[in-house]
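For the sequence shown, the numbering used here begins at 45 and goes up steadily by one.
Each residue gets a CB set at the ideal place from its N, CA and C atoms; glycine is no exception.
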Amino acid sequence: MITREDIQSFLDRLDGGSLTVREIEPNLWVARKSDEAEVVIHYAPPVVILRVRVMELPGSEPRRGELFRQLLEFNARELVHGSYGLEGDHVVLTDTLELENLDYNEFEASFDSVTLALASHLSALAPYRER
């Protein structure tokens, strides 16, 4: 099984080491490229969770319904790893990986998929942002 030290090593290797990574508490890291969203990585055996807070939910119910439809369409059509979901009043993009047989390539693919999906979906999600 992959250890916490393995996850730290994976994070150090991402993007040729050009990623800014800081451990904010034991087993919880924040990773960021220069101008992109922060990805939170949580080592929680038997899984590791990658999570990005995307945006706050719109205040009006009709706008929320439109946003939910858009997120479900992204989940169905465009996401290879992970899915959009809700955490309180925020939209999040998450992926969960089992530690038992995890290797660096799978971890990197998940991280890249999450960050690429967010970058490619931001323009479609922008109309739903209220701030």
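- Query: Going by other Cβ atoms of all chains shown within 10 Å of its Cβ, with 16 needed for buried, is Arg95 buried or exposed?
  - Reply: Looking at its Cβ environment, which holds 16 or more other Cβ atoms inside 10 Å, Arg95 is buried.
- Item | Own chain, CB closer than 6 Å to Glu144, minus 5 neighbours either side, in chain order | Once the five neighbours on either side are set aside, the close Cβ partners of Glu144 are Met45.
- Could you check which residue in Gly132, Tyr87 and Asp133 has the C-alpha nearest to that of Leu146? Tyr87
- Message: Let's test the definition: count the other Cβ atoms within 10 Å of the Cβ of Ile68 and tell me whether it reaches 16, buried, or not, exposed.
- Response: exposed
- Message: What would DSSP say about Val124, mapped onto helix, strand or coil?
- Response: coil
- Item | Beta-carbon proximity of Ala163 to Glu80, cut-off 8 Å | yes
- Straight-line gap, Leu141 to Asn149 (C-alpha atoms, nearest Å): 12 Å
- Residue from Pro90, Val91, Pro89 and Gln52 whose Cα sits closest to the Cα of Val176: Here the chain comprises residues numbered 45 to 175, so residue 176 is not present and cannot be evaluated.
- What residue from Asp59, Asn71 and Thr159 has the CA that sits closest to Val124's CA? Thr159
- Item | Nearest-angstrom beta carbon gap, Asp133 and Leu166 [assumed within contact, 8 Å] | Taking C-beta atoms under 8 Å as the contact rule, Leu166 and Asp133 fail to qualify, at a distance of about 19 Å.
- Item | Nearest to Ala170 (by Cα), restricted to the options Arg107, Arg121, Arg66 and Ala153 | Arg107
- Item | N-terminal and C-terminal residue of the alpha helix (DSSP H) that Leu169 is part of | Tyr148 to Leu169
- Round the Cβ separation of Gly103 and Glu152 to the nearest angstrom and send it over; I've been treating them as touching at under 8 Å. Not a contact, Cβ separation roughly 37 Å.
- Query: How would you call Gly60, buried or exposed, if buried means at least 16 neighbouring beta carbons within 10 angstroms?
  - Reply: So Gly60 counts as exposed.
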